[in-house]
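Only one structure is covered here, and it is reproduced in the block below.
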Ligand SMILES: Cc1cc2nc3c(=O)[nH]c(=O)nc-3n(C[C@H](O)[C@H](O)[C@H](O)COP(=O)(O)O)c2cc1C
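Numbering (full-length UniProt numbering), first residue to last: 1 to 656.
Next comes the structure, spelled out in structure tokens:
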């Protein structure tokens with residue numbers, strides 16, 4: 001079917017009612033200049049085209065790239081690499097084929113500002129936030145030429161609008177940029193744009209704003225709201241309607257906060273309130289510059305095998321020991337060489353904690369391989385043994401393999417040791433977690449206030465045992481990276497789950513065993529740490545769970561299988577937005593008691609271990625305890641702010 005001929009009246013007839021037919025004719029006759037066809041400029045152009053504005057001058061020197069996808073109206077897979085001006089001109093002309101478009105695909109410089117603004121009735125700012133020099137020149141040219149200029153900044157999930165009208169306060173008078181270096185100019189621009197600061201309340205990661213490096217976060221909601229707000233001002237200005245709020249007045253509307261704030265800052269950034277906000281913002285910038293950067297996403301390795309291993313290394317292991325290394329055989333095969341920590345860790349005397357970790361690694365590698373369309377076949381090497389499991393792994397492309405949705409959570413899963421919500425798990429959440437562990441395992445739950453109290457009792461006793469056990473001292477004194485938020489090979493202090501003062505006390509006490517035993521004997525030294533590490537977390541969570549193997553593990557291979565179930569459970573919890581913390585050590589002591597593994601000569605510790613074992617069995621029952629492979633707590637809550645990271649892939653592949 002041939003489309004009907006384009007008819008302007010018909011195409012924009014639904015504007016009528018909000019605009020009169022005469023006003024529509026005026027809009028058709030007007031030219032608007034928009035510099036920047038990116039996040040907000042592209043949306044400005046399309047919104048004003050649908051309003052029926054008949055002519056535009058548009059400029060941008062950039063081409064579309066992937067990082068534009070979250071917000072830029074013209075950024076799609078088919079426009080990757082194409083000029084922004086070309087793409088947006090096509091899109092606008094597709095809405096109104098009669099449009100008069102002047103294109104500036106090389107952007108605008110100071111030399112062609114007048115050509116760009118020629119015949120324009122209005123300028124709308126769509127320039128990159130960080131393009132300060134040309135923005136200043138543009139606003140100055142508008143003022144010289146008597147052209148009103150509007151800026152609607154997308155900020156968070158809202159927008160802040162400022163209008164600079166001929167004869168009113170100028171851009172320079174408002175922002176006070178003269179004499180400031182570039183970073184300071186950007187700061188003044190940001191603070192001046194939105195004096196109400198509504199967006200600041202919900203920025204989840206302040207480090208995402210880095211003015212010096214020209215980096216800042218954005219949302220498509222912000223851009224669309226900005227386009228709506230700017231076009232509404234444009235309509236009023238082009239049609240000479242009603243009052244327009246002009247600098248030093250501004251308005252910020254924030255859809256996330258459900259708030260709109262009108263601000264009035266005579267003197268612009270010279271206003272005392274602005275001076276105060278600027279001083280605070282400068283302080284925050286300095287503080288942020290001094291904090292450790294978040295562990296950066298390492299560049300994606302080239303080879304498929306390396307990509308799989310690069311994700312697999314994010315598997316969890318007790319105390320973040322990462323008891324494994326990788327040997328590359330060829331492009332599709334590698335060996336996982338595990339080891340255990342029985343020589344120096346009292347929690348790993350039978351190697352089960354390390355074997356579980358090898359299992360979490362294997363599950364993670366399998367899930368990562370699914371994202372590459374590969375099956376993972378594994379085979380124990382002939383010389384594999386409990387102390388040093390050795391697995392030959394092969395990646396095979398397989399059309400029947402579906403990408404596992406858990407793969408997106410591999411790097412986000414992290415242990416949360418702080419209190420969680422006491423909201424019970426929903427039936428849906430429990431069903432998903434039970435399905436995650438597979439048919440060979442089952443979950444036994446401890447739910448409700450009474451059950452959590454009993455778990456707190458068990459864990460408090462277990463905590464006392466851990467903190468007073470002489471053989472645990474070497475582990476405790478070496479696994480925490482003090483003062484750290486991230487740690488590659490240990491647990492960073494801030495992820496331990498105690499407050500700052502308790503951390504300082506712990507650091508001092510753990511400096512020597514004599515301090516530990518003195519504190520324990522005379523100063524109830526275990527009380528504060530146990531309250532924060534064991535009792536409160538046990539009470540404050542949705543549920544505790546015991547992961548039980550239907551057939552108790554017969555040897556180390558059984559524990560590796562158990563580790564696979566642990567990781568699928570943990571990643572599923574992450575996918576559900578739940579937080580999880582292992583409570584593994586009661587199982588360790590229960591096993592030592594059951595198998596009469598000598599773990600200490602310290603008689604009170606032996607007695608406590610027997611008590612831990614009895615309580616565990618009272619809580620979960622005999623057969624469950626015999627097949628138990630993992631114990632933990634789970635619940636809704638915020639992800640941790642601090643976490644263990646991992647050794648680099650190159651470190652884990654010695655000799656490759
Ligand atoms: C077998 C095993 C036992 C663990 N036991 C405990 C535990 O008893 N208490 C605890 O807080 N975390 C425990 N963890 C969590 C690890 O300390 C944590 O996974 C590791 O430090 C890596 O940090 P991430 O999980 O945040 O990446 C255990 C993890 C594994 C795999």
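All residues carry an ideal CB built from backbone N, CA and C; glycine is no exception.
Strictly closer than 6 Å from CB to any heavy atom of ligand 1: give me those residues in the order they appear in the chain. 316, 317, 318, 319, 320, 353, 356, 357, 360, 414, 415, 417, 491, 581, 582, 583, 584, 585, 643 and 644
Proximity to residue 616 [Cα-Cα], best of 632, 601 and 422: The shortest Cα separation from residue 616 among 632, 601 and 422 belongs to 632.
Is it a yes or a no for the stretch 392 to 407 touching the stretch 366 to 378, going by three-plus beta-carbon pairs under 8 Å? yes
Which same chain residues end up closer than 8 Å to residue 46 when comparing Cβ atoms and leaving out the 5 residues on each side of it in sequence? Hits under 8 Å: 73, 88, 91, 92, 95 and 227.
Separation of residue 378 from residue 713, as counted between CA atoms: In the structure displayed, the chain extends from 1 to 656; residue 713 sits before or after that span and is not available.
Opening and closing residue of the beta strand (DSSP E) in which residue 441 lies: 441 to 447
Compute the Euclidean distance between the alpha carbons of residue 618 and residue 224, then round it to the nearest angstrom. 59 Å
Report the option in 193, 502 and 435 whose CA atom is closest to the CA atom of residue 576. 435
With three or more beta-carbon pairs closer than 8 Å as the criterion, would you say the stretch 248 to 263 touches the stretch 177 to 191? no
From which residue to which residue does the beta strand (DSSP E) around residue 544 run? 543 to 549
Alpha carbon to alpha carbon, what distance is there between residue 422 and residue 170? 55 Å
Exposure label - residue 324; buried when at least 16 CB within 10 Å: buried
Quick check: the stretch 102 to 113 against the stretch 60 to 69, are there 3 or more CB pairs under 8 Å? yes
In chain order, which continuous runs of the beta strand (DSSP E) of length 3 or greater are located wholly inside the stretch 78 to 112? 100 to 104
For residue 601, three-class secondary structure by DSSP: coil
So, with DSSP's three-state summary, where would you put residue 596? coil
Three or more C-beta pairs below 8 Å linking the stretch 545 to 552 and the stretch 433 to 450: yes
Alpha carbon to alpha carbon, what distance is there between residue 154 and residue 222? 4 Å
Can you give me the Cβ contacts of residue 135 inside the same chain, cut-off strictly under 6 Å, excluding the 5 residues immediately before and after it? 127
Short Cβ contact (8 Å threshold) for residue 315 with residue 364: Closer than 8 Å, so yes.
So for residue 465, helix, strand or coil by DSSP? helix
Quick one, which of 203, 459 and 644 has its alpha-carbon nearest residue 321's? Cα-wise, what sits closest to residue 321 is 644.
For residue 244 and residue 668, believed in contact at Cβ under 8 Å, the rounded distance: Absent from the structure is residue 668, since the part of the chain shown begins at 1 and ends at 656.
Length of the line joining the Cα atoms of residue 501 and residue 189: 40 Å
Sequence-distant residues of the same chain with beta carbon closer than 6 Å to residue 539, five excluded per side: 452 and 456
For the 8 Å Cβ check, are there 3 or more pairs between the stretch 228 to 240 and the stretch 114 to 123? yes
Going by C-alpha distance, which of 544, 494 and 68 is nearest residue 582? 544
State the DSSP-derived secondary structure class of residue 708, mapped to helix, strand or coil. Lying outside 1 to 656, the shown extent of the chain, residue 708 is not represented and no answer is given.
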